[in-house]
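One structure is given here, and the rest of the page talks about it.
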Amino acid sequence: MEAKFESYIFEPNKKVQSNARRWNLLGWMTCVAIIILLVLELDLIAFLFLIALLTVCFGNAFSRWNKVKPLNGSLHASFQINADEIRVGTKRFAMDEVRVTNFLCYDYFGKSTKGYALFVKYPAMSNGTANVIEFVYRNKKFQYQFLIASVQDIFLLEDIVAKHTSQIVRAII
């Protein structure tokens, strides 16, 4: 039986990512404001800012504790790969004409990872979308980010892609 991998292409939402950076920046600016307030000897106000910041950070950390990280994007197209072809939605790429230039495949749904709420670290589970395949097809470069559901799928993909790859990043699990 022919080995075949099926999943979905992940498209990150740039707006969600920029909002997360803004919240992080706001948190660090609050830390700077607390330091300035302490230098100016406004201890009570600095203490209130610190309590508010810690409440928000630890509240976020506890609400996300051991949960799957949010998707922050969409799974908009199907992704299939086998020894004969790569399919992305309705596009087909014959493996005979594909040269895989980069294959980063280490993340899977449910993998233990760490999350951060400013400076507070907490355990979380991955959503499995940090995997990338880059390849050249008919002198045109393609790059796709995709979802992997399990560790077994990582090994299946490595076996399929190994013949067409110039660089493979081994999964460290």
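In terms of this note's numbering, the sequence shown is residues -8 to 164.
For glycine and all other residues, C-beta sits at the position ideal for the given N, C-alpha and C.
Computed from a predicted model, the values in this text were never measured in an experiment.
query	result
For S9 and L147, the rounded distance between their alpha carbons	34 Å
Through-space distance from M116 to K58, alpha-carbon basis	6 Å
CB contact flag (N63, A11, <9 Å)	yes
Where the alpha helix (DSSP H) containing I25 begins and where it ends	5 to 30
Reduced DSSP secondary structure (H/G/I, E/B, other) of G101	strand
Reduced DSSP secondary structure (H/G/I, E/B, other) of A74	coil
Closest by C-alpha distance to F49, when choosing among Y135, K132, V111	V111
Collapsed DSSP secondary structure at S54 in the structure displayed	helix
Closest by C-alpha distance to Y(-1), when choosing among Q136, E149, V152	Q136
Check whether T92 and F70 have beta carbons under 9 Å apart	no
Which residues DSSP lists as bridging S168, in chain order	Given a span of -8 to 164 for the chain in the structure shown, any question on residue 168 remains unanswerable.
Counted within 10 angstroms of its Cβ, other Cβ atoms place I77 as buried (16 or more) or exposed	buried
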